[in-house]
Ligand SMILES: Nc1ncnc2c1ncn2[C@@H]1O[C@H](COP(=O)(O)OP(=O)(O)O)[C@@H](O)[C@H]1O
Ligand SMILES: [Mg+2]
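Numbering (the working numbering), first residue to last: 88 to 742.
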């Protein structure tokens with residue numbers, strides 16, 4: 088991996104600012120095929136004036152001048168009068184500066200800078216976990232680099248550096264064989280190019296390598312003292328946010344009983360197991376997430392990085408962290424979205440919680456489940472005590488502990504995590520699962536139906552809520568993109584939209600004036616259903632089986648309003664009369680959908696209160712709910728008649 092770096096090594100991430108600066112130094116970096124970097128000289132850098140540093144990318148908080156300063160100081164011994172290429176790598180979850188550096192005399196190496204104590208700990212942990220790295224030693228990069236003072240957001244801080252051997256491709260051809268574990272498994276699971284994706288054997292080999300790395304003999308204390316389960320399972324920082332997340336989740340999902348009293352249950356049951364079935368104490372990696380495992384899929388090698396969280400503990404901790412990444416990242420998403428498929432989550436969690444440690448041996452067609460089984464098999468081979476009586480149950484406590492820790496992480500799918508927590512509690516309590524650990528409570532409304540708002544008038548709030556939903560509808564009509572679709576409305580009378588006196592009449596006119604179209608289906612006054620609705624309005628006449636006057640007036644107002652609009656905007660506005668009864672109002676604009684179900688009751692109240700049903704505002708495109716609403720509208724549109732003004736409908740129904 089010596090020699091100048093090819094351009095793919097520096098791929099991506101050039102801002103236009105970088106390009107502009109490149110043009111001002113067009114001749115500085117002449118190796119063919121190389122991206123130009125940016126030369127930053129904001130500090131005097133008298134100690135390194137001969138090193139030209141070309142930086143691609145940017146750290147969120149550290150200026151490139153400071154980056155240059157750190158790197159030149161750290162590499163002063165290793166690089167002399169050379170041009171140095173630096174690519175800032177996407178940081179993980181710490182604020183560290185991670186940079187890939189190389190020059191013609193320095194093989195690619197990854198330098199990680201961070202606060203002195205943190206980097207010192209990382210260095211110590213790596214040494215204890217992995218021993219000396221011969222390659223780093225040979226290149227004089229194995230020592231912790233002494234602190235350098237730099238400025239971050241106007242504060243002076245002391246940072247140190249740890250070097251890692253670069254685990255990535257040195258050429259375009261090689262690049263695709265290196266990945267972190269997420270990329271590697273992602274390619275196995277989802278790649279449509281099966282020739283390019285890793286084979287079952289490669290995946291199996293990499294899981295084996297991973298399990299053996301995590302389970303390697305590092306000062307294990309065998310057959311140790313009898314300790315309670317609580318002494319092994321890492322403690323949960325309930326007061327540092329975990330309790331708050333669980334409380335919020337419980338409020339959103341009142342149907343998930345497992346969230347109630349979770350902390351008390353956890354304490355009581357952990358302490359209740361006086362003698363843990365499997366003893367272990369060893370040096371742990373401490374953060375065996377996919378992002379900290381780099382894979383070379385040609386050699387089926389895995390390389391751990393990021394030793395900052397190393398500590399002593401039970402090997403189940405490292406296994407559980409890795410396995411949960413595998414579980415969460417291998418559950419398929421709903422087609423074309425980022426939403427985890429909940430049916431598949433149920434399958435995967437049920438699978439992981441099977442009673443056989445090895446997860447059975449029947450033929451599996453799902454690659455996701457196959458991965459979980461391959462990993463479990465590797466884990467059992469690396470740490471056979473897992474098969475001891477009670478071993479698997481003990482491991483599940485670690486899985487639950489790891490889930491609880493993750494509740495305070497950022498960028499996680501909280502719903503999936505919460506459901507898994509419920510499943511684990513259920514399993515650890517009852518030794519079995521029903522599927523009620525998936526919530527169907529209001530948060531599902533938000534996440535699955537993409538519901539943006541629910542307008543629910545409670546006593547006294549009717550006017551307020553009515554105004555809010557009217558504002559939301561006005562907003563949706565004003566934001567309507569006429570190039571995308573027509574505004575579509577399915578309603579009992581449509582009076583609010585079509586009548587010149589209707590609350591939305593201005594917005595409707597604006598849509599049409601803007602070149603948009605409006606399609607409306609309303610209830611046909613000749614339908615029997617019209618009489619049902621009339622009965623709600625208080626009926627009419629003594630026998631009650633006649634159209635209601637108020638209702639009729641509304642319908643007539645709509646039809647007249649339509650005629651006025653038609654005279655002005657022609658066929659851009661269409662009104663049709665439904666052949667079947669309507670169960671709800673549906674309003675569809677390009678960006679929003681509104682749904683108000685109808686209820687049958689005396690509507691006199693409604694006239695007084697303006698609003699006594701409820702209405703949902705849903706996402707406008709690409710969702711399950713939107714297609715249901717669109718199909719409903721289309722159905723009524725297809726089964727409707729053009730509007731002939733109806734006069735004097737009285738007496739058409741009835742005896
Ligand atoms: N030795 C290496 N070879 C290739 N890429 C690396 C190497 N070390 C780190 N990286 C990349 O940089 C990212 C951040 O490094 P890491 O040490 O995990 O920092 P953090 O503490 O911010 O998570 C990694 O997820 C990986 O993509
Ligand atoms: Mg990391």
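Beta carbons are placed, not taken as given, at the ideal position from N, Cα and C, and that holds for glycine.
To the nearest angstrom, report how far apart residue 253 and residue 304 are at their CA atoms. 25 Å
Distance check for residue 596 and residue 332, CA to CA, integer angstroms please. 47 Å
For residue 464, the nearest candidate out of 656, 298, 675, 172 (CA to CA): 298
Quick check on residue 719: does DSSP put it in helix, strand or coil? helix
Please find out if some non-hydrogen atom of ligand 1 comes closer than 8 Å to the beta-carbon of residue 181. yes
Is residue 287 helix, strand or coil by DSSP? helix
Across the region 506-516 and the region 380-396, are there enough close Cβ pairs to call them in contact, namely three or more that are closer than 8 Å? no
Write down every uninterrupted run of the alpha helix (DSSP H) in the region 226-286 whose length is 4 residues or greater and which is fully enclosed by it, in chain order. 259-262, 268-277
Cβ distance (whole Å) where residue 499 is taken to contact residue 429 below 8 Å: That belief does not hold up - the Cβ atoms of residue 499 and residue 429 are roughly 16 Å apart, past 8 Å.
State buried or exposed for residue 398, treating a residue as buried only when at least 16 other CB atoms are found within 10 Å of its CB. exposed
Is residue 381 near ligand 1, going by C-beta to nearest heavy atom under 8 Å? yes
Pick out whichever of 502, 471, 281, 247 has its Cα sitting closest to the Cα of residue 302. 471
Proximity winner among 286, 181, 632, 485, relative to residue 400 (alpha-carbon distances): 485
Quick one: Cα of residue 702 to Cα of residue 427, how far? 27 Å
Buried or exposed: where does residue 684 fall if 16 or more other Cβ atoms within 10 Å of its Cβ makes it buried? exposed
Integer-rounded CB distance, given that residue 553 should sit under 8 Å from residue 544: 7 Å
Buried or exposed (CB count within 10 angstroms, at least 16 for buried), residue 277: exposed
Distance between residue 514 and residue 718 (C-alpha atoms, nearest Å): 41 Å
In whole angstroms, what is the alpha-carbon distance linking residue 444 and residue 569? 58 Å
In the DSSP assignment, what are the bridge partners of residue 200? 184, 248
Please specify which runs of the alpha helix (DSSP H), each continuous and at least 4 residues long, are wholly inside the region 318-386, giving them in chain order. 329-339, 349-359
So is residue 686 buried or exposed if we call it buried at 16+ other beta carbons inside 10 Å? exposed
How long is the line joining the alpha carbons of residue 549 and residue 644, rounded to whole angstroms? 25 Å
With which residues is residue 681 paired in a DSSP beta bridge? 674, 704
Beta-carbon spacing of residue 610, residue 665 below 9 Å: yes
Cα-Cα, which of 562, 457, 362 is closest to residue 476? 362
Is it true that the CB of residue 375 sits closer than 9 Å to the CB of residue 350? no
Here's the rule I'm using: 16 or more other beta-carbon atoms within 10 Å means buried, otherwise exposed. How should residue 602 be labelled? exposed
Are the region 376-383 and the region 257-270 touching by the rule of at least three beta carbon pairs closer than 8 Å? yes
With a cut-off of 8 Å, do at least 3 Cβ pairs link the region 410-428 to the region 230-247? no
Residue 689: buried (16+ other C-beta within 10 angstroms of its C-beta) or exposed? exposed
For residue 233, is the classification buried or exposed, using 16 other Cβ atoms within 10 angstroms of its Cβ as the cut-off for buried? exposed
Please report the Cβ distance between residue 567 and residue 710, rounded to the nearest whole angstrom; I am assuming they are in contact, meaning their Cβ atoms lie under 8 Å. Wrong, their Cβ atoms sit about 18 Å apart, outside the cutoff.
If you check the beta carbons only, do residue 213 and residue 306 fall under 9 Å apart? no
Take the Cβ of residue 460 as the centre, count every other Cβ of all protein chains shown within 10 Å, and call the residue buried at 16 or more, exposed below. buried
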